[in-house]
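Asks: Under UniProt numbering, the first residue of the sequence shown is numbered 1, with each subsequent residue one higher.
Please find one structure pasted underneath; my questions will follow.
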Amino acid sequence: MSPRPPASARLDRGQILDGAMAIADRDGVDALSLRKLAADLKVTPMALYWHFKDKDALLDELVERLLSEAVPPEADGLDAMAAGLLRALLAHPGLAGITPVRFMRTDAGITLSERTIGLLRAEGHSPIAAAQLSMFILNGIVNLAVNRPGDLAVHDPAAREALVTAKRGRLKSLDPAAYPHLTETADHFLGLADEEDYYARGLAYILAGARR
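The structure is reproduced here in structure tokens:
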């Protein structure tokens, strides 16, 4: 009988990335470690080091996968590209916040940047304006994805609910005579009545700013 191959040989990189993505989306990037991932996959940490030298390399690969989901067909324009990026970020909220700093470290990020700048240049922007606007668009979309009304970057459900409850109590306690506009719109700071409308309005605002 042939000897059983080592765990590193039996593990598929796709399986490792699936497991890492699940931890990041469920518990946040700070909770992701090669040791925790190894425990979830029921292998030793050394089995993962065969594929990734450290957590930093693993995070780069995760952002690569996230952004590869956002790369649109060549024929799609700026609006479709922005919408695709937002969908990818919303699908993996645990990674959205670290995407900007790793964007240019991935092949998918380079591809998205090239296409975005090219589309902005075709709309008449100068090279410097196109480069800067591409960054404004990326950062705006990331902010739209990670800062939803009523959502807080706290992964402990009890702590998050306590913070939301405190925010609700503060807004609801305001005097309508002194703060008529804020009290009228308070509920919209505590949650989304219509997610589709919220994201459509946010993307339209970001892209309109880039095209002014």
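Glycine residues also receive a C-beta, built at the ideal position from the N, C-alpha and C atoms.
For Tyr-49, name the three-state secondary structure that DSSP assigns.
Replies: Reduced to three states, the DSSP call for Tyr-49 is helix.
Asks: For Val-142, count neighbouring C-beta atoms within 10 Å of its own C-beta (all shown protein chains included) and say buried if the count is 16 or more, exposed if not.
Replies: Buried is the call here.
Asks: Determine the direct distance from the alpha carbon of Glu-195 to that of Thr-185, and round the result to whole angstroms.
Replies: In a straight line, the C-alpha of Thr-185 is about 16 Å away from that of Glu-195.
Asks: Give the secondary structure of Glu-114 by DSSP, where H, G and I count as helix, E and B as strand, and everything else as coil.
Replies: Glu-114 falls in the helix class under three-state DSSP.
Asks: Where does His-181 fall in DSSP's three states?
Replies: DSSP places His-181 in helix when its eight states are reduced to three.
Asks: Beta carbon of Gly-191, beta carbon of Pro-157: below 7 Å?
Replies: Not closer than 7 Å, so no.
Asks: Among Pro-72, Val-63, Gly-19 and Leu-66, which has the Cα closest to the Cα of Leu-48?
Replies: Out of Pro-72, Val-63, Gly-19 and Leu-66, Gly-19 has the C-alpha closest to the C-alpha of Leu-48.
Asks: Ignore the nearest five residues each way along the sequence and tell me which others in Ser-41's own chain have a CB closer than 6 Å to its CB.
Replies: Correcting the residue type first, residue 41 is Leu in the shown sequence and not Ser. Around Leu-41: Gly-19.
Asks: Distance check for His-51 and Arg-13, CA to CA, integer angstroms please.
Replies: Looking at the two C-alpha atoms, the distance is approximately 7 Å.
Asks: Considering Arg-26, what are the terminal residues of the alpha helix (DSSP H) in which it resides?
Replies: Segment 13-27, the alpha helix (DSSP H) holding Arg-26.
Asks: Give me the residue from His-181, Gly-124, Met-46 and Leu-62 with the minimum Cα distance to Val-29.
Replies: Selected option, being the one with the closest Cα: Leu-62.
Asks: Mind listing, in chain order, the continuous beta strand (DSSP E) runs of no fewer than 3 residues lying wholly within the stretch 98-167?
Replies: With a minimum length of 3 residues, no continuous beta strand (DSSP E) run stays inside the stretch 98-167.
Asks: Quick one: is Met-81 buried, meaning 16 or more other Cβ sit within 10 Å of its Cβ, or exposed?
Replies: Burial call: buried.
Asks: Starting from Lys-36, follow the alpha helix (DSSP H) in both directions and report where the run begins and ends.
Replies: That run of the alpha helix (DSSP H) goes 34-41.
Asks: Go ahead and pull the three-state DSSP assignment for Thr-68.
Replies: Reading off the sequence shown, one finds Ser at residue 68, where the question assumed Thr. Note: Ser-68 maps to helix in three-state DSSP.
Asks: Do you know how far the Cα of Glu-114 is from the Cα of Leu-207?
Replies: The straight-line gap from Cα to Cα measures roughly 17 Å.
Asks: Please classify Leu-86: does DSSP put it in a helix, a strand, or coil?
Replies: Helix, per DSSP.
Asks: Along the chain, where does the alpha helix (DSSP H) containing Glu-74 start, and where does it finish?
Replies: Note, Glu-74: premise wrong, no alpha helix (DSSP H); not H, not E.
Asks: Using C-beta distances below 7 Å, list every residue in its chain close to Leu-90, excluding the 5 sequence neighbours before and after it, in chain order.
Replies: Counting only Cβ-Cβ distances below 7 Å, and skipping sequence neighbours, we find Ala-145.
Asks: Classify His-181: buried if its beta carbon has 16 or more other beta carbons within 10 angstroms, exposed otherwise.
Replies: Exposed, by the Cβ-count rule.
Asks: Does the beta-carbon of Ala-70 have 16 or more other beta-carbons within 10 angstroms, so that it is buried, or is it exposed?
Replies: Counting Cβ neighbours within 10 Å, Ala-70 comes out buried, since at least 16 surround it.
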